[in-house]
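Some notes on the structure that comes next.
Number of protein chains: 2
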Amino acid sequence: MQRPVHAFEQTSEQSSEQTLEQAGVRTLAAELPARAGEDVRLAGWIHRRRRLASVTFVVLRDRSGLAQVVVRDPATVERIEEYAEETVVEVTGKAVANPQAPGGVEVGEPAFTPLTDPAPTPPIELWRPAVNAGLPTLLDHAPVTLRHPLLRAPFELAAAAVAGFRETLTGLAFTEIQTPKIVASATESGANVFKLDYFGRPAYLAQSPQFYKQTMVGVFERVFEVGPVFRAEPHDTVRHLAEYVSLDAEFGFVRDHRDVMEVVSSVVGGMLAAVGERAPAALDRLGVELPKLPPRIPELHFADALALVGADPDEPDLAPAHERAIGEWALREHGSDFVFVVGYPMRKRPFYTHPQPDDPRWSNSFDLLFRGVELVTGGQRLHRYADYLAALEAAGQPAEPYATYLETFRYGMPPHGGFAFGLERFVARLVGAENIRQVTLFPRDLHRLAP
Amino acid sequence: MQRPVHAFEQTSEQSSEQTLEQAGVRTLAAELPARAGEDVRLAGWIHRRRRLASVTFVVLRDRSGLAQVVVRDPATVERIEEYAEETVVEVTGKAVANPQAPGGVEVGEPAFTPLTDPAPTPPIELWRPAVNAGLPTLLDHAPVTLRHPLLRAPFELAAAAVAGFRETLTGLAFTEIQTPKIVASATESGANVFKLDYFGRPAYLAQSPQFYKQTMVGVFERVFEVGPVFRAEPHDTVRHLAEYVSLDAEFGFVRDHRDVMEVVSSVVGGMLAAVGERAPAALDRLGVELPKLPPRIPELHFADALALVGADPDEPDLAPAHERAIGEWALREHGSDFVFVVGYPMRKRPFYTHPQPDDPRWSNSFDLLFRGVELVTGGQRLHRYADYLAALEAAGQPAEPYATYLETFRYGMPPHGGFAFGLERFVARLVGAENIRQVTLFPRDLHRLAP
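Same order as they appear, the protein sequences are chains P and G.
Position 179 (the first sequence) corresponds to 179 in UniProt numbering; numbering is contiguous.
Position 190 (the second sequence) corresponds to 190 in UniProt numbering; numbering is contiguous.
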């Protein structure tokens, strides 16, 4: 399923590709090593200028990487003085082998054509290999700071990961859906929901596509969705966002939650493979190694997990320190950066959760921990209409606001389950980001609504 | 890039696939013709029961299609009486060749195991080949009515089309992005925007990712996004939705809008090819033929388009009747269901539109009409900072609310352009839907906020 990143430049017989970059006319920085001895035309941003006594080095940045341009002509050296960093230029010249140049080939005898007015000094020095600015500066000026090769890299990983998510599920005959983000009632949790004015009526932003994806199991059996979800999180932490990209899947005719865990394992494997195949340069730049994913992800029952970490057996949930300890156990005992915790107490799970048949204190649900932090939540759902009515009554909730959702189960639904996780959290754990905002394109939180 | 829809069942050596359906244990309806003489286990919804004097026919529906089950055993015939349409069951039996059965193979000697309680009578008769109910009924009961093979088909086409959109652009080295849907100001048009309470401050739902995708051209050169957009449309028409799925692309280092039109042509071609390859059964069910897309889509300048339809040369836009006439012209003269109209008057285009260099009354922008209705809008954008300041001033708008957006251009942006269109509109034209709500999963409009 892989296509090379620069398929475009390599298949010049296709007409749209010829036109787009008039194949052979624009050379990308990454292609320069193969063009020694040829006339080339590059285009990109002035990444860095370095004026020495007899020569000026210009580093040009384009989507593929960096290219070194060597300027010796005094008039051109003077002109370059005007082209501050981030000015967009075209450069024509000759590709020349030079073992000292990055990639072994540089551009000599250059002529520059500016495509914009000279740029002012950016809020951070984009040419510096390391990023020293604080997160608020980086986020406030994201339109420019994201151009830094290190700061854009997480979003290359995210694009690859989401492609891997879709490909894995498409290969398993799942159908992609897009469900509404404006919803009539704040049903799933009630709290932390954004309210909006919908033609004079109250409406809400969807906290998850949970109800819709279950409904669509009745139509397609197997569905997935990639889309934004919204949480009015009043917490200002390194882990919380008010808007994030949720990767959701749901499917029918399962035996129980174990079938869901199998699909989760395939999906995580497919995402990691896609990252390795599609974004190796970004992994390199970040110095990130792909995590250890054994053929079979280890698992622990929730009760055994509590015992393992020495917690009170009546604890209803795992504390962050417990999750870390379980993550360390999985790595130590099973050589795995991933571990399933299975059977979370019913009282901590949403009303549609399927209980563990032999002991209804526990549920047929699970979390997948990635390096000691919860990544995926999933499980088997109730599927019988009568069970939904009973679960809502037990939760002290009226059935009426759920009328449409319940219609799904009234007319026959197979045993089913699914899972969800945040794309940003996946990338954060992958690159070891301390703050989820580092891997979120234009994050939204308690304080931040722009850019 | 194509994988067969049932790859799952065909590659039983993969562990997750074995588990999911215990390959060979569950047979899909579409696989039945290949299983004559074997014992099979099917699972799905009771689509239809028909009791004759000595035999009852049960049609079972699963995600792959319909299977006929023949019941002769009197006790089983009686039991079947309880399993109303939409009850979910497992059926074991013997696959038997019968030239009269759909697909030539049916299931005999069946044993039924219900997976749900018997379902009540659905709001429409899902087993009837035609759909006679009115749109309000279909939409009110969408969780059930979408199960009808004709009503689910448009969403199979949509899933295929969106996959084709992504594959085409990924093949052209575009990077996928996800940008925020909660934004600080209602900048692009000001009108028709949903307002929400963002932690006590006003915020808005994004009407398009326009500003963000342009910004990201500065980072990745070529980007695309598939995501929801929100329009507080006060019009109750067959064409308007309050929320829809927007397919957006934007890219840099273009010569002008013609490079954008080339990519639009490739994308539309890729989407139609994907629909043909991935969803042939849905096309068949709907009796839809793929539209005529010539190697080169015909085009007309806006001024020539006005002349062609006999409109006043000072008209600022094309009326729906004009668009229809132009669509007929393209089909008649060029054998094309698609036609570009190029150069719309600047005064009708947004402030970031690039003027036509030789005559600034016109713009470097275009619409793509599909069967006489506007499908795609795109064009070249301004890229120089000074041009943005001048354009905002000419439009009588202050620069301050655009501060973040303008930062992008301040620090150097290449000549660039892009396009956008609604997934639902594409599917509506493809299947000839009279009302866009017929091809929208859970539509949102002036009156409708549920299901």
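Ideal Cβ positions, reconstructed from N, Cα and C, are used throughout, including at glycine.
Computed from a prediction, not measured in an experiment: that's the story for all the values here.
1. Of all the beta strand (DSSP E) runs that stay within the bounds of the segment 323 to 360 of chain G, which reach a length of 3 or more residues?
2. Answer with yes or no whether the minimum CB distance from VAL25/G to chain C is below 8 Å.
3. From this set, LYS213/P, GLU125/P, ARG231/P, THR179/P, which residue's C-alpha is nearest LEU194/P's C-alpha?
4. Identify, in the order they occur along the chain, each residue of the same chain with its Cβ nearer than 8 Å to the Cβ of SER208/P, setting aside the five sequence neighbours on each side.
5. Is there at least one Cβ from chain P nearer than 8 Å to THR175/G's Cβ?
6. Just the Cα atoms here: how many angstroms apart are ARG278/G and GLU82/P?
7. So if DSSP puts GLU434/P in a beta bridge, which residue, or which two residues, is it bridged to?
8. Compute the Euclidean distance between the alpha carbons of PRO316/P and LEU272/P, then round it to the nearest angstrom.
9. Helix, strand or coil: how does DSSP classify PRO154/G here?
10. Can you look up HIS240/P in the DSSP assignment and give me helix, strand or coil?
11. Check the C-beta distance from ARG41/G over to GLU86/G and give it rounded, since I have them as a contact under 8 Å.
12. Under a Cβ-count criterion, where at least 16 other Cβ atoms within 10 Å of its own Cβ denotes burial, should GLN100/P be classed as buried or exposed?
13. Hey, ALA274/P and ALA163/P are a contact pair by Cβ (cut 8 Å); roughly how many whole angstroms apart?
14. In three-state DSSP terms, what is HIS257/P?
15. Just checking, does the segment 52 to 68 of chain G make contact with the segment 392 to 410 of chain P on the three C-beta pairs under 8 Å criterion?
16. Quick one: which chain P residues come within Cβ less than 9 Å of ARG79/G?
17. Can you list, in chain order, the residues of its chain whose CB lies under 6 Å from that of ARG61/G, leaving out five sequence neighbours each side?
18. Would you identify the three-state DSSP class for TYR83/P, choosing helix, strand or coil?
19. Okay, do the segment 319 to 326 of chain P and the segment 343 to 355 of chain P touch, 3+ Cβ pairs below 8 Å being the bar?
20. Would you kindly report the start and end of the unbroken alpha helix (DSSP H) that includes ARG410/P?
21. How many whole angstroms separate the CB atoms of ALA29/P and THR175/G, which I take to be in contact at a CB cut-off of 8 Å?
22. Can you list, in chain order, the residues of the segment 32 to 44 of chain G whose Cβ is nearer than 7 Å to any Cβ on chain P?
23. Please list the residues of the segment 136 to 148 of chain P that have a C-beta atom closer than 7 Å to any C-beta atom in chain G, keeping them in chain order.
24. Does the beta carbon of TYR352/G sit closer than 8 Å to a beta carbon anywhere in chain P?
25. Between HIS354/P, ALA34/P, ALA142/P, which has its C-alpha nearest THR404/G's C-alpha?
26. Looking at the structure shown, is PRO114/P part of a helix, part of a strand, or coil, going by DSSP?
27. Distance, Cα to Cα, GLY104/P vs MET216/G?
28. Interface residues of chain G around GLY412/P at Cβ under 7 Å?
29. Can you tell me whether PHE442/P is helix, strand or coil according to DSSP?
30. Taking any Cβ of chain P, which residues in the segment 365 to 393 of chain G have a Cβ under 7 Å from it, in chain order?
31. Just list the alpha helix (DSSP H) runs in the segment 131 to 196 of chain P, keeping only unbroken ones of 4 residues or longer that don't cross its boundaries, in chain order.
32. Could you check what DSSP says for GLU250/P in three-state terms: helix, strand or coil?
33. Which partner residues does ALA279/G have in the DSSP bridge list?
34. Quick check: THR145/P and LEU138/P, are their CB atoms within less than 8 Å of each other?
35. Which residue or residues does DSSP assign as beta-bridge partners of ASP62/P?
With the given structure in hand:
1. The segment 323 to 360 of chain G is shown to contain whole beta strand (DSSP E) runs of 3 or more residues at 338 to 342, in chain order.
2. Of the protein chains in this structure, namely P and G, none is chain C.
3. The sequence position of residue 194/P within the first sequence is 194, counting from 1. The displayed chain sequence assigns Phe, not Leu, to residue 194/P. It is ARG231/P whose Cα lies nearest to the Cα of PHE194/P.
4. Residue numbering aside, residue 208/P sits at position 208 when the first sequence is read from its first letter. If you ignore the 5 residues before and after SER208/P, its C-beta comes within less than 8 Å of the C-beta of GLU188, VAL229, SER246, ASP248, ALA420, all in its own chain and listed in chain order.
5. What you label residue 175/G is simply residue 175 of the second sequence in a count that begins at 1. True, the Cβ-Cβ gap to chain P drops below 8 Å.
6. As a position in the second sequence, residue 278/G is number 278, starting the count at 1. As a position in the first sequence, residue 82/P is number 82, starting the count at 1. Going from the Cα of ARG278/G to the Cα of GLU82/P covers about 53 Å.
7. The sequence position of residue 434/P within the first sequence is 434, counting from 1. Its beta-bridge partners do not exist; DSSP assigns none.
8. Residue numbering aside, residue 316/P sits at position 316 when the first sequence is read from its first letter. Residue numbering aside, residue 272/P sits at position 272 when the first sequence is read from its first letter. Note on geometry: alpha-carbon atoms of PRO316/P and LEU272/P lie some 32 Å from one another.
9. For the purposes of this step, residue 154/G is identified with residue 154 of the second sequence, where counting begins at 1. Helix at PRO154/G.
10. Sequence index remark: in the first sequence, residue 240/P carries index 240 (1-based). It is coil, neither helix nor strand.
11. Taking the first residue of the second sequence as position 1, residue 41/G is located at position 41. Taking the first residue of the second sequence as position 1, residue 86/G is located at position 86. The pair is not a contact, with the Cβ atoms about 20 Å apart (cut-off 8 Å).
12. For this step, residue 100/P is matched to residue 100 along the first sequence. Looking at its Cβ environment, which holds fewer than 16 other Cβ atoms inside 10 Å, GLN100/P is exposed.
13. Working through the first sequence from its first residue, we reach residue 274/P at position 274. Working through the first sequence from its first residue, we reach residue 163/P at position 163. Indeed they touch by this definition, with Cβ atoms about 5 Å apart.
14. Here residue 257/P refers to the residue found at position 257 when the first sequence is read from its first residue. If DSSP states are grouped into helix, strand and coil, HIS257/P belongs with the helices.
15. No: the two stretches stay apart, fewer than three of their Cβ pairs being nearer than 8 Å.
16. For the purposes of this step, residue 79/G is identified with residue 79 of the second sequence, where counting begins at 1. In chain order: nothing, as chain P lies at least about 16 Å away.
17. As a first step, residue 61/G is located in the second sequence; it is residue number 61 there, counting from the start. If we look at ARG61/G and ignore the five residues flanking it on each side, its Cβ neighbours are GLY44, TRP45, HIS47.
18. For the purposes of this step, residue 83/P is identified with residue 83 of the first sequence, where counting begins at 1. TYR83/P falls in the coil class under three-state DSSP.
19. Cβ pair count under 8 Å is below three, so no.
20. Working through the first sequence from its first residue, we reach residue 410/P at position 410. Note, ARG410/P: alpha helix (DSSP H), 403 to 410.
21. Working through the first sequence from its first residue, we reach residue 29/P at position 29. Working through the second sequence from its first residue, we reach residue 175/G at position 175. About 16 Å separates the CB atoms of ALA29/P and THR175/G; that is not less than 8 Å, and the two are not in contact.
22. Residues are counted here when their Cβ sits less than 7 Å from a Cβ of chain P; for the segment 32 to 44 of chain G these are ALA43, given in chain order.
23. Residues passing the 7 Å Cβ filter: HIS141, PRO143, VAL144, LEU146, ARG147.
24. Translated into positions along the second sequence, residue 352/G becomes position 352. Taking 8 Å as the CB threshold, TYR352/G stays off the interface with chain P.
25. Working through the second sequence from its first residue, we reach residue 404/G at position 404. Of all alpha-carbon atoms in HIS354/P, ALA34/P, ALA142/P, the one lying nearest the alpha-carbon of THR404/G is that of ALA142/P.
26. Position 114 of the first sequence holds residue 114/P. Assignment of PRO114/P by DSSP, reduced to helix, strand and coil, places it in the strand class.
27. Numbered from its first residue, the first sequence carries residue 104/P at position 104. Numbered from its first residue, the second sequence carries residue 216/G at position 216. In a straight line, the C-alpha of GLY104/P is about 30 Å away from that of MET216/G.
28. Here the question's residue 412/P lines up with position 412 in the first sequence. Chain order gives the chain G residues near GLY412/P as TRP45, GLU86, THR87, VAL88, THR116, ALA119, where near means a beta carbon separation below 7 Å.
29. As a working mapping, residue 442/P is identified with position 442 in the first sequence. When secondary structure is reduced to three states using DSSP, PHE442/P falls in the coil class, being assigned neither helix nor strand.
30. Within the segment 365 to 393 of chain G, those residues whose Cβ lies closer than 7 Å to any Cβ of chain P are, in chain order, HIS383, ARG384, TYR385, ALA386.
31. Segments of the alpha helix (DSSP H) lying fully in the segment 131 to 196 of chain P: 135 to 140, 142 to 145, 149 to 171.
32. Position 250 of the first sequence, counted from the start, is the residue given in the question as residue 250/P. Of the three classes helix, strand and coil, the one that applies to GLU250/P here is strand, per DSSP.
33. Counting from 1 along the second sequence, the entry for residue 279/G is found at position 279. Paired residues: none, contrary to the question.
34. Along the first sequence, read from residue 1 onward, the residue named residue 145/P stands at position 145. Along the first sequence, read from residue 1 onward, the residue named residue 138/P stands at position 138. In contact: THR145/P and LEU138/P (Cβ atoms closer than 8 Å).
35. For this step, residue 62/P is matched to residue 62 along the first sequence. BP columns for ASP62/P point to GLY65/P.
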